[in-house]
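See structure below.
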Amino acid sequence: MRAAIISERNAPPVVGDFREPEPQEGAVLIDVETAGLGGWDVLGAYRLGVEYPCVIRGEGVGRAPDGRRVYFGERSVTPFGAWAERTLVPAAEVWTVPDEVDDKTAISMGIAATGAIVPLEKAAIQKGEKVLVLGATGTLGQIALQLARGMGAGKVVGAARSAEALAGLKSRGIADAVVTLGGADDVAALKDAADGGFDVVLDLVCGQPMLTALKATNWGARIMTIGTGAGRQVNLDIADLLFRSLSCIGTGQRPPAEREQIWRRLLKIAKEQEIQIDYLDYSLDQAAEAWATQVAGPHAKITASIKR
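All residue numbers for the sequence shown refer to the working numbering, where the first residue is 12 and numbers rise by one.
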């Protein structure tokens, strides 16, 4: 079968022939129709313990042997993955897609949207509170801004380093205000956008942006960190945390049944709130190009048509 193959550590994917997955007890053989790609796929492809050669894992939508249209997360049985004509996935990770839900929505409401809704619900946003999303231009950030408004936030602000991508969020009404980080005084810029200070910060990047945002929060603020794109280590002045709380949350480490329930809730929310997401579309043959775009930071959800 054709697949996007990573041959060794740090090697980019190359499309070629890969061995077929064989039926296995407790797993579902899936004919892949649409695959997704995210930052977690790039990071995970080179971690210790990965068996090479392997297929880009990813999440996707396809057909089960019984004809069901199904979603599956990035937990394909090693060494298979979504970026191939077929994959093998543990049965508990294979969820039937409602007929009215398109492939892209099914994929974007999986890992990315779960990463947004879990910490935002833990933050317990109160009506009228001001919410900041750090790293707002990616798929997770775009979804988080819209979910926060649906949870009752009075003002949602997106912050990131791409002024162009941030301007798009504001022009479409996804964010009420935006802040381009890396300026002369990011703390002042954030405080100005918040009309004083934020009550909730969803931090997708950690590092210096998180430390900066902390200085632009109100007493009682909840800072929810779920990513490390801007740095894993911080030199934190504990005084900045007085009368505030900082939580680090792993959003994907939940049993499959719980994640499926969250996903199904998100499918309904996406329809009710008309959640907007930017997409970049590729084919399987363009896997290397899609991979390079993801590494560079696409400010969009990457998907690929796999079925010919």
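For every residue, glycine included, the Cβ atom is placed at its ideal position computed from N, Cα and C.
For residue i: DSSP bridge partner residues
| i | result |
| --- | --- |
| K166 | K141 |
| K312 | Y290 |
| T223 | None, per the DSSP bridge assignment. |
| G27 | A14 |
| F83 | G71, V105 |
| C65 | I17 |
| D214 | L145, T236 |
| V100 | V39 |
Residue i, buried or exposed, once every other Cβ within 10 Å from all chains shown has been counted against 16
| i | result |
| --- | --- |
| F91 | buried |
| Q137 | exposed |
| E104 | buried |
| W302 | buried |
| G231 | exposed |
| F209 | buried |
| A307 | exposed |
| L247 | exposed |
| Q284 | exposed |
| Q305 | buried |
| E85 | buried |
| K9 | Given a span of 12 to 319 for the chain in the structure shown, any question on residue 9 remains unanswerable. |
| Q264 | exposed |
| E140 | buried |
| R30 | exposed |
| E70 | buried |
Three-way DSSP call (helix, strand, coil) for residue i in this model
| i | result |
| --- | --- |
| S258 | strand |
| L247 | coil |
| T239 | coil |
| D114 | helix |
| R8 | What the structure shows of the chain is the stretch from 12 to 319, and residue 8 is not part of that stretch, so it cannot be assessed. |
| A95 | strand |
| T228 | strand |
| V53 | helix |
Below-9 Å beta-carbon distance, residue i vs any chain D residue
| i | result |
| --- | --- |
| N246 | Reference to chain D is not applicable here, since this structure consists of a single protein chain. |
First through last residue of the beta strand (DSSP E) which encompasses residue i
| i | result |
| --- | --- |
| V189 | 188-191 |
| E271 | No beta strand (DSSP E) contains E271, which is instead part of the alpha helix (DSSP H) from 267-284. |
| E300 | First-last for E300: 298-307, but that is the alpha helix (DSSP H), not the beta strand (DSSP E). |
| A46 | 38-48 |
Nearest-angstrom Cα separation, counted from residue j out to residue i
| i | j | result |
| --- | --- | --- |
| P23 | D52 | 12 Å |
| R58 | D206 | 42 Å |
| Q157 | T125 | 13 Å |
| N229 | L252 | 10 Å |
| A186 | V144 | 10 Å |
| D289 | T150 | 7 Å |
| L177 | G194 | 14 Å |
| I16 | C65 | 6 Å |
| E62 | A102 | 21 Å |
| G172 | D197 | It is Arg, not Gly, that sits at residue 172 in the sequence shown. Whole-angstrom Cα-Cα distance: 11 Å. |
| E44 | K318 | 5 Å |
| V211 | P267 | 28 Å |
| R243 | C217 | 7 Å |
| T314 | F254 | 42 Å |
| I323 | A250 | One cannot answer for residue 323 here, as it falls past the ends of the chain, which runs 12 to 319. |
| T148 | Y82 | 25 Å |
| V88 | G261 | 22 Å |
| L278 | G121 | 9 Å |
| I41 | T98 | 5 Å |
| R270 | A170 | 28 Å |
| D114 | T107 | 12 Å |
| D292 | L222 | 35 Å |
| I280 | Q287 | 12 Å |
| A164 | E96 | 42 Å |
| A38 | R80 | 16 Å |
| S188 | E300 | The sequence shown places Ala at residue 188, rather than the Ser named in the question. Each residue's alpha carbon lies about 32 Å from the other. |
| P130 | I237 | 8 Å |
| E36 | G78 | 18 Å |
| E111 | N21 | 39 Å |
| A204 | I67 | 40 Å |
Span of the alpha helix (DSSP H) around residue i
| i | result |
| --- | --- |
| G197 | The question names Gly, yet the displayed sequence has Asp at residue 197. Looking at the DSSP string, the run of the alpha helix (DSSP H) that includes D197 is 197-204. |
| G152 | 150-161 |
| I128 | 122-134 |
Proximity test, residue i beta-carbon vs the ligand FMN heavy atom, cut-off 8 Å
| i | result |
| --- | --- |
| V72 | The ligand content of the structure shown is nil, which means the ligand FMN is not present either. |
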